[in-house]
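J.: Got a structure here, written out as structure tokens. Questions coming.
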Amino acid sequence: MTRLALREPGRGPCHRLRSGVNRVGTARSNDVVLKAPAVSRHHALVIVEEDRITVEDLASKNGTYLNDERVRSARIHVGDELRFGSATLRVEPLAEGEDELAIRLSTPATSQRGLVEGSGDTMGPVGPVGLVESEEGYLVMLERMLERLSAGHGGWLAPAVDAVAAVAVALLELPDDGPPSLCATAGDAQRLWRDDAWRRALARAEAEPGPLVVGEHASEPPVIVALGRGTPPRAAVLWGGRASPEARRLLVRALVRLHGLAAESPSPSSAGVESRPGFPPGYVPGRSRAMEELYEQVRRLAPSGLPVLILGETGTGKDTVARLLHHASPRREQPFVAINCAAIPTELLEAELFGVAAGAATGVKPRRGRFQQASGGTLLLDEIGDMPRALQAKLLRALEGGTVQPIGGDEQPVDVWLLSATNSELGLRIRDGGFRSDLYYRLAGAVLALPPLRERASDIPALVEHFMRKACRDSGAFVRGITVPALQALSQHPWPGNVRELEHLTRRLVFCCPRGQPIDRALVERAHTLEGASRVPADAPPPLEADDTLELAVLERRAIEQALARCDGNRRRAAEQLGIGVRTLYDKLKRYDLR
Numbered sequence: 003m004t005r006l007a008l009r010e011p012g013r014g015p016c017h018r019l020r021s022g023v024n025r026v027g028t029a030r031s032n033d034v035v036l037k038a039p040a041v042s043r044h045h046a047l048v049i050v051e052e053d054r055i056t057v058e059d060l061a062s063k064n065g066t067y068l069n070d071e072r073v074r075s076a077r078i079h080v081g082d083e084l085r086f087g088s089a090t091l092r093v094e095p096l097a098e099g100e101d102e103l104a105i106r107l108s109t110p111a112t113s114q115r116g117l118v119e120g121s122g123d124t125m126g127p128v129g130p131v132g133l134v135e136s137e138e139g140y141l142v143m144l145e146r147m148l149e150r151l152s153a154g155h156g157g158w159l160a161p162a163v164d165a166v167a168a169v170a171v172a173l174l175e176l177p178d179d180g181p182p183s184l185c186a187t188a189g190d191a192q193r194l195w196r197d198d199a200w201r202r203a204l205a206r207a208e209a210e211p212g213p214l215v216v217g218e219h220a221s222e223p224p225v226i227v228a229l230g231r232g233t234p235p236r237a238a239v240l241w242g243g244r245a246s247p248e249a250r251r252l253l254v255r256a257l258v259r260l261h262g263l264a265a266e267s268p269s270p271s272s273a274g275v276e277s278r279p280g281f282p283p284g285y286v287p288g289r290s291r292a293m294e295e296l297y298e299q300v301r302r303l304a305p306s307g308l309p310v311l312i313l314g315e316t317g318t319g320k321d322t323v324a325r326l327l328h329h330a331s332p333r334r335e336q337p338f339v340a341i342n343c344a345a346i347p348t349e350l351l352e353a354e355l356f357g358v359a360a361g362a363a364t365g366v367k368p369r370r371g372r373f374q375q376a377s378g379g380t381l382l383l384d385e386i387g388d389m390p391r392a393l394q395a396k397l398l399r400a401l402e403g404g405t406v407q408p409i410g411g412d413e414q415p416v417d418v419w420l421l422s423a424t425n426s427e428l429g430l431r432i433r434d435g436g437f438r439s440d441l442y443y444r445l446a447g448a449v450l451a452l453p454p455l456r457e458r459a460s461d462i463p464a465l466v467e468h469f470m471r472k473a474c475r476d477s478g479a480f481v482r483g484i485t486v487p488a489l490q491a492l493s494q495h496p497w498p499g500n501v502r503e504l505e506h507l508t509r510r511l512v513f514c515c516p517r518g519q520p521i522d523r524a525l526v527e528r529a530h531t532l533e534g535a536s537r538v539p540a541d542a543p544p545p546l547e548a549d550d551t552l553e554l555a556v557l558e559r560r561a562i563e564q565a566l567a568r569c570d571g572n573r574r575r576a577a578e579q580l581g582i583g584v585r586t587l588y589d590k591l592k593r594y595d596l597r
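According to this note's numbering, the sequence shown is numbered sequentially starting from 3.
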């Protein structure tokens, strides 16, 4: 049977129709969610059968129209136009492969409905929440995880999070001579790592006899830890989840066994994993050749103590690599402190770096500078190329002497591992007198050059999956995943803004995608058009025709309205979700008369 969709006119959003009953309306529980005026919460049904398609109005206030004729129940065909309130959609066939999913996500909403209705079309990668309660469902989940095992930890942990709607999952190694080492995570791992509940659950497991034991802590959300006493001991942590406690215990025991299997039997595709540094919570490891080479450099530099200069284009993740260096170093348990030298006015930067002594000036309170805050740990000087030249001499003295002098105070010894980062051409800055050559040589004990995203396109799918999951988790949005053509379009984009641009665009795609539908190529192309509107090259094509401009404006207005609705009118949070500045959002609110 031909796959069908309801598509808004032009290049509008595409709502895929599944076999059986498709509910249409504004309520989030519908299959086709329409955020448009005059649409009822439960407006109509579109029923797809083997030999026919019908539409049935659900006594909606403003009616359902088929080709401009109001109907209560009618048979529809490909090419027909349906109008629900002010929303007009055309019945269209889907091209071969157009709806094939490259990455599939599941959410609590789809999971609960799939459990009730038994619809295969609404299931995520391992089926609905609660499927792990059954023997068949548990085996399905393990099969999916084993399929992904060759891709490394990050690939096979995501199904575990989806299976029970967990907040996070983490895999640990427990060396005899140090703190637990984090090997891999999925979900909101940073929240898990900051919460002491998993440590208390681990302590309870360690107190129990046996080769594989479980410890629990009744926190909110609850934590379950499975401990396998191998060499070295390994643990799996499951934080939260909506399956029964017994199903979650079963899952976490399986996770710790798979953890040992993955460590003892590395696959060809994961060759070289042992040469990688440990990754901090929430980090998405790249698997491209360029990133593997970078990880090898990080592994060698982390214990060296050499000052490291990190170079890379805007958005490549220089601060993230700095954290990776810190996490892999002997100073990992000590503070990591970062300061952006370009974001602080010149007259305040010295105080921020070196601190202020007591009595330095009337009414000025003493405070520690970033050097003192980072003592014993790692200090990142981000955007070092923008540091004022007058302050460069003071920084050089501090690095050469191992001391800092707070404003109005005496010199104090400090012990920091210094990392610096810039997207500037420091060689040009040195030649034009803007940067001291002696400071450069002090900073560049070793140099790490980060590859731009366009040179490691094979890492894009893993990043997109991570950013989609994060956007859904943060906002409560619900997308089924991303189609193969859409992911291909993202992989072929040049990404001048690198990983940061990809993250913002993916977040915007999640917010603009109709609820319960996958991100498709048309949505990606529209988002690229909006993204590039502020970057007009010299050889730019003629401006858009009026109709295209109007269509893009409607799309942008809809995205802003949806973001504001999700954030209960909080404009700052809405701007963050849209990936734009608050001032930019205010300008757009004024332009679209949304105040």
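Positions of the beta carbon are idealized from the N, C-alpha and C atoms, including for glycine.
None of the values given here were measured: they were computed from a predicted structure.
(1) Using the Cα positions of residue 407 and residue 443, report the straight-line distance between them to the nearest angstrom.
(2) By the three-class DSSP mapping on this structure, what secondary structure does residue 494 have?
(3) Below 8 Å, can you find three or more Cβ-Cβ pairs linking the segment 223 to 242 to the segment 250 to 260?
(4) Rounded to a whole number of angstroms, what is the C-alpha to C-alpha distance between residue 496 and residue 232?
(5) Within this structure, are the beta carbons of residue 10 and residue 92 separated by less than 9 Å?
(6) Quick check on the DSSP output: the beta strand (DSSP E) that includes residue 95 runs from which residue to which?
(7) Beta carbon of residue 526, beta carbon of residue 491: below 9 Å?
(8) Is residue 45 buried or exposed, if buried means 16 or more other CB atoms sit within 10 Å of its CB?
(9) Once the 5 residues before and after residue 415 are set aside, which same chain residues still bring their CB inside 7 Å of it?
(10) In its own chain, which residues sit with a C-beta less than 8 Å from the C-beta of residue 309, not counting the 5 before and 5 after it?
(11) Kindly indicate which three-state DSSP category residue 407 falls into: helix, strand or coil?
(12) Leaving out five residues before and five after residue 394 in sequence, what residues of the same chain have Cβ atoms less than 6 Å from its Cβ?
(13) In the DSSP assignment, find the beta strand (DSSP E) that holds residue 184 and state where it starts and stops.
(14) Run through the DSSP bridge pairs and tell me what residue 596 is partnered with.
(15) With respect to the alpha helix (DSSP H) encompassing residue 27, which residues constitute its N-terminal and C-terminal limits?
(16) What residue does the alpha helix (DSSP H) around residue 44 start on, and which one ends it?
(17) For residue 67, name the three-state secondary structure that DSSP assigns.
(18) Determine the closest residue to residue 222 out of 185, 170, 216, with distance taken between C-alpha atoms.
(19) Looking at the secondary structure, which residues open and close the alpha helix (DSSP H) in which residue 513 lies?
(20) Given residue 235, which residues of its chain have a CB within under 7 Å of its CB, disregarding the five upstream and five downstream residues?
(21) In chain order, what residues of the same chain have a beta carbon less than 6 Å from the beta carbon of residue 348, not counting five sequence neighbours either side?
(22) What does the Cβ neighbour count give for residue 2, buried or exposed, with the cut at 16 atoms within 10 Å?
(23) Within the segment 317 to 382, note down every full beta strand (DSSP E) run reaching 3 residues or more, in order along the chain.
(24) Is the beta carbon of residue 82 less than 9 Å from the beta carbon of residue 103?
(25) Do you know offhand how far residue 504's Cα is from residue 209's?
(26) Grab the span of the alpha helix (DSSP H) containing residue 300 for me, first residue to last.
T.: Reading off the structure:
(1) Here residue 407 corresponds to residue number 405 of the sequence shown, with the count starting at 1. Here residue 443 corresponds to residue number 441 of the sequence shown, with the count starting at 1. Taking the straight line from one Cα to the other gives about 22 Å.
(2) One-based indexing of the sequence shown puts residue 494 at position 492. DSSP places residue 494 in helix when its eight states are reduced to three.
(3) Output reads yes: the segment 250 to 260 touches the segment 223 to 242.
(4) Here the question's residue 496 lines up with position 494 in the sequence shown. Here the question's residue 232 lines up with position 230 in the sequence shown. If you take the alpha carbons of residue 496 and residue 232, they lie about 46 Å apart.
(5) As a first step, residue 10 must be located in the sequence shown, where it is residue number 8. As a first step, residue 92 must be located in the sequence shown, where it is residue number 90. Yes. Within cutoff.
(6) Here residue 95 refers to the residue found at position 93 of the sequence shown. Following the DSSP letters along the chain, one finds residue 95 inside the beta strand (DSSP E) bounded by residues 89 to 95.
(7) For the purposes of this step, residue 526 is identified with residue 524 of the sequence shown, where counting begins at 1. For the purposes of this step, residue 491 is identified with residue 489 of the sequence shown, where counting begins at 1. Less than 9 Å separates the beta-carbon of residue 526 from that of residue 491.
(8) In the sequence shown, the residue the question calls residue 45 occupies position 43. Flag for residue 45 reads buried.
(9) Looking up residue 415 in the sequence shown gives position 413. Taken in chain order, the residues that qualify are 404, 405.
(10) Start at 1 with the first residue of the sequence shown, and residue 309 comes out as number 307. Here residue 309 has 401, 419, 420, 421, 422, 444, 445, 446, 447, 448 as same chain residues with Cβ atoms under 8 Å from its own Cβ, once five neighbours each way along the sequence are excluded.
(11) Here residue 407 corresponds to residue number 405 of the sequence shown, with the count starting at 1. Of the three classes helix, strand and coil, the one that applies to residue 407 here is coil, per DSSP.
(12) In the sequence shown, counting from the first residue as 1, residue 394 sits at position 392. Cβ neighbours of residue 394 within its own chain (closer than 6 Å, five residues either side excluded): 438, 441.
(13) Working through the sequence shown from its first residue, we reach residue 184 at position 182. According to the DSSP assignment, residue 184 belongs to the beta strand (DSSP E) that extends over 183 to 189.
(14) As a working mapping, residue 596 is identified with position 594 in the sequence shown. Residue 596 pairs with nothing; no bridge assigned.
(15) Here the question's residue 27 lines up with position 25 in the sequence shown. Here residue 27 belongs to no alpha helix (DSSP H); instead the beta strand (DSSP E) covers 22 to 27.
(16) Mapped onto the sequence shown, residue 44 falls at position 42. Per DSSP, residue 44 lies in no alpha helix (DSSP H) segment and is marked neither H nor E.
(17) Taking the sequence shown and counting its residues from 1, the one referred to as residue 67 is at position 65. Three-state result, residue 67: strand.
(18) Stepping through the sequence shown from its first residue, residue 222 is reached at position 220. Taking the Cα of residue 222 as reference, the smallest distance to any Cα among 185, 170, 216 is reached at 170.
(19) Here residue 513 is taken as the residue at index 511 of the sequence shown, counted from 1. Residue 513 -> alpha helix (DSSP H) spans 500 to 514.
(20) Counted from its first residue, the sequence shown places residue 235 at position 233. Result list for residue 235: 176, 229, in chain order.
(21) Translated into positions along the sequence shown, residue 348 becomes position 346. Only 390 meet the Cβ criterion.
(22) The first residue shown for the chain is 3 and the last is 597, placing residue 2 beyond what the model contains.
(23) Listed in chain order, the complete beta strand (DSSP E) runs (minimum 3 residues) inside the segment 317 to 382 are 338 to 342.
(24) As a working mapping, residue 82 is identified with position 80 in the sequence shown. As a working mapping, residue 103 is identified with position 101 in the sequence shown. For residue 82 and residue 103, no; Cβs fall outside 9 Å.
(25) Locating residue 504 in the sequence shown gives position 502, counting from the first residue. Locating residue 209 in the sequence shown gives position 207, counting from the first residue. Looking at the two C-alpha atoms, the distance is approximately 45 Å.
(26) Position 298 of the sequence shown, counted from the first residue, corresponds to residue 300. According to the DSSP assignment, residue 300 belongs to the alpha helix (DSSP H) that extends over 291 to 303.
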